[in-house]
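*Asks:*
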Amino acid sequence: MTGNTGAEVIGIDLRQSISVQERTALNRAFVEHGVLVVRDQDLAPTQVLGAAELFGTVFHQHNTRFAIPECPEVHYISNQDRYPDGTRYIPGEGWHTDHSNDTRPPKATLLHAVTLPDVGGDTQYANMAAAYSALPAGMRERIAGLMAIHVYQSSHSDRQLMRLSEANRERVPNAVLHPIVRTHPENGRKSIYINPIRIEGIVGFDHREALPLLEELLHHATQEAFQYRHERRSGDLVIWDNRCLLHKANGDYDMGQARYLYRLMLQGDVPT
Ligand code: SIN
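In the working numbering, the protein residues as written are 2 to 273.
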């Protein structure tokens, strides 16, 4: 889709059985391109689950309030939800990588749209491997070996997540440490691994030092040159690699129109 991110998959029906060769090719393309856009699908929640399992094992989401009753492994994204104070909740706004506050964060996330606004609501991606490669040598040295502290909700983030229920809170770690530079377990490429909504700090740094550094990395990594902006077509199933991409949803459309998608994540490894 761009020089560094995204590939389009056409001519496949994910409701049908997929051969071993096709599955291998899909997984190879996923690791190589970071985002796969599988066109012209029409999948019910159980079929989204089946499609996801071609790429890995389901990751159990931390907040179960968005689970779809008939297939709870699949969650939904909707612009019709509201915070307890009545304001609209736009899931996924602001650059992030999914659930980095887990010891083994999800390697991938899938979205399949059910209802889309007429215009807008794109998902943007920033390729953190390309961004890492383009860092000046001095910055690479500065961040080598640094560990970030990830929590469910960073106190430094403007974006507020939906609060966890008591039961959900019990199974979510309080804080985990992950390297700021991680190596992709399948292609060996190094990426910047940061997350503005989840990172509370950097080990050994005070906030006056950590926050400007994180801001500088985010500013660098989200330059246009490292971005792919997905203008969703009806029927797209999109899967992306959280190990080497940031992403964000855009709440730039008419909120009188519904935006509703099925969403599922896949289990990843401990970042190293
Ligand atoms: C997400 O952050 O997983 C959702 C992205 C989107 O709704 O476009």
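Quick reminder that beta carbons are idealized off the backbone N, C-alpha and C, glycines included.
1) Along the chain, which unbroken stretches of the beta strand (DSSP E) at least 3 residues long are found entirely within the stretch 80-136?
2) Taking 8 Å as the cut-off, is the C-beta of L253 nearer than that to any heavy atom in ligand 1?
3) Where the beta carbon is closer than 5 Å to any heavy atom of ligand 1, which residues qualify, in chain order?
4) Compare the Cα-Cα distances from Q48 to each of V75, E33 and D82 and report the closest residue.
5) Suppose you measure from the CA of G139 to the CA of R24; what does that come to, to the nearest Å?
6) By the 10 Å Cβ neighbour count, where 16 or more other Cβ atoms means buried, how is H97 classified, buried or exposed?
7) What does the Cβ neighbour count give for R172, buried or exposed, with the cut at 16 atoms within 10 Å?
8) With a Cβ-Cβ cutoff of 9 Å, do R66 and S158 count as a contact?
9) At a cut of 8 Å, does the stretch 93-110 reach the stretch 236-247 through at least three beta carbon pairs?
10) Consult DSSP for A149 and reduce its assignment to one of helix, strand or coil.
11) Relative to ligand 2, is the shortest distance from any of its heavy atoms to the C-beta of L212 smaller than 8 Å?
12) N169 and N64 look like a contact to me (Cβ under 8 Å); what is the Cβ gap, rounded to whole Å?
13) Based on Cα-Cα distance, which residue from A26, D14 and L50 lies nearest to R40?
14) Let me know the secondary structure DSSP gives Q161 once reduced to three states.
15) Taking 8 Å as the cut-off, does the stretch 72-90 touch the stretch 224-231 (at least 3 CB pairs, one atom from each stretch)?
16) Just curious, the beta strand (DSSP E) that E216 is in, first and last residue?
17) Measure the alpha-carbon distance for P273 versus M266 and round it to whole angstroms.
18) Are the CB atoms of L246 and M129 nearer to each other than 9 Å?
19) Which residues in the same chain as H179 place their Cβ atom closer than 8 Å to its Cβ, once the five residues preceding and following it in sequence are excluded?
20) In chain order, what residues of the same chain have a beta carbon less than 6 Å from the beta carbon of Q42, not counting five sequence neighbours either side?
21) Along the chain, where does the alpha helix (DSSP H) containing E33 start, and where does it finish?
22) Within 10 angstroms of the Cβ of P46, are there 16 or more other Cβ atoms? Answer buried if so, exposed if not.
23) Return the chain-ordered list of same chain residues with a C-beta closer than 7 Å to the C-beta of L219, the five sequence neighbours on each side being excluded.
24) With a CB to CB cut of under 7 Å and the five nearest residues on each side skipped, what residues in its chain are close to D123?
25) Taking only the alpha-carbon atoms, compute the straight-line gap between A53 and N188 and give it to the nearest angstrom.
26) Please state if the CB of G7 and the CB of G51 are separated by a distance shorter than 9 Å.
27) Are the Cβ atoms of M256 and N28 separated by less than 9 Å?
28) Kindly identify the DSSP beta-bridge partner or partners of A226.
29) Could you name the residues of the same chain whose beta carbon sits closer than 6 Å to that of N5, not counting the 5 residues immediately before and after it, in chain order?
*Replies:* Based on what the coordinates show:
1) 109-116 and 124-128
2) The residue you call residue 253 lines up with position 252 of the sequence shown. The sequence given here has Asp at residue 253, not Leu. Because no heavy atom of ligand 1 lies under 8 Å away, the Cβ of D253 does not count as near it: no.
3) I78, G93, T124 and A250
4) Counting from 1 along the sequence shown, the entry for residue 48 is found at position 47. Sorting V75, E33 and D82 by C-alpha distance to the C-alpha of Q48 places V75 at the top.
5) Locating residue 139 in the sequence shown gives position 138, where the first residue counts as 1. Locating residue 24 in the sequence shown gives position 23, where the first residue counts as 1. The straight-line gap from Cα to Cα measures roughly 41 Å.
6) Start at 1 with the first residue of the sequence shown, and residue 97 comes out as number 96. It counts as buried.
7) Here residue 172 refers to the residue found at position 171 of the sequence shown. Counting Cβ neighbours within 10 Å, R172 comes out exposed, since fewer than 16 surround it.
8) Within the sequence shown, residue 66 is the residue found at index 65, counting from 1. Within the sequence shown, residue 158 is the residue found at index 157, counting from 1. No, the pair does not count as a contact, with Cβ atoms beyond the cut-off.
9) By the Cβ rule, the stretch 93-110 counts as touching the stretch 236-247, because three or more pairs are nearer than 8 Å.
10) To locate residue 149, count along the sequence shown from 1; it is residue 148. Strand at A149.
11) Because ligand 2 does not appear in the structure shown, any question about it cannot be addressed here, the ligands present being ligand 1.
12) By one-based count along the sequence shown, residue 169 stands at place 168. By one-based count along the sequence shown, residue 64 stands at place 63. With 8 Å as the limit, N169 and N64 qualify as a contact, their Cβ atoms being about 6 Å apart.
13) Along the sequence shown, read from residue 1 onward, the residue named residue 40 stands at position 39. Minimum Cα distance to R40 is reached at D14.
14) Translated into positions along the sequence shown, residue 161 becomes position 160. Looking at Q161 - three-state DSSP - the assignment turns out to be coil, as it is neither helix nor strand.
15) The stretch 224-231 vs the stretch 72-90: no contact.
16) Along the sequence shown, read from residue 1 onward, the residue named residue 216 stands at position 215. Run containing E216: none in the beta strand (DSSP E); it sits in the alpha helix (DSSP H), H208 to A222.
17) Here residue 273 is taken as the residue at index 272 of the sequence shown, counted from 1. Here residue 266 is taken as the residue at index 265 of the sequence shown, counted from 1. Note on residue identity: the sequence assigns Thr, not Pro, to residue 273. Taking the straight line joining both Cα atoms gives about 20 Å.
18) On the sequence shown, residue 246 is found 245 positions in, with the first residue counted as 1. On the sequence shown, residue 129 is found 128 positions in, with the first residue counted as 1. Yes.
19) For this step, residue 179 is matched to residue 178 along the sequence shown. Answer for H179: S101, P106, M148, A149, H151, Y194 and P272, listed in chain order.
20) Position 41 of the sequence shown, counted from the start, is the residue given in the question as residue 42. Contacts found: L15, G236 and L238.
21) The count along the sequence shown starts at 1 and reaches residue 33 at position 32. Where E33 is concerned, the enclosing alpha helix (DSSP H) stretches over V21 to H34.
22) Position 45 of the sequence shown, counting from 1, holds the residue named residue 46. Around the Cβ of P46, a 10 Å sphere holds 16 or more other Cβ atoms; the residue is buried.
23) Counting from 1 along the sequence shown, the entry for residue 219 is found at position 218. Excluding positions up to five away in sequence, the list reads W96, I195 and P197.
24) As a first step, residue 123 is located in the sequence shown; it is residue number 122 there, counting from the start. Closer than 7 Å at Cβ, skipping near neighbours: R230, H231, E232, R233 and N251.
25) One-based indexing of the sequence shown puts residue 53 at position 52. One-based indexing of the sequence shown puts residue 188 at position 187. The alpha-carbon atoms of A53 and N188 are separated by roughly 20 Å.
26) Here residue 51 corresponds to residue number 50 of the sequence shown, with the count starting at 1. Here residue 7 corresponds to residue number 6 of the sequence shown, with the count starting at 1. No; because the gap between Cβ atoms is not below 9 Å, this pair is not in contact.
27) Working through the sequence shown from its first residue, we reach residue 256 at position 255. Working through the sequence shown from its first residue, we reach residue 28 at position 27. No, the Cβ-Cβ distance between M256 and N28 is not below 9 Å.
28) Walking along the sequence shown from the start, residue 226 turns up at place 225. Answer is none; A226 lacks a bridge partner.
29) Looking up residue 5 in the sequence shown gives position 4. Excluding positions up to five away in sequence, the list reads N128 and A131.
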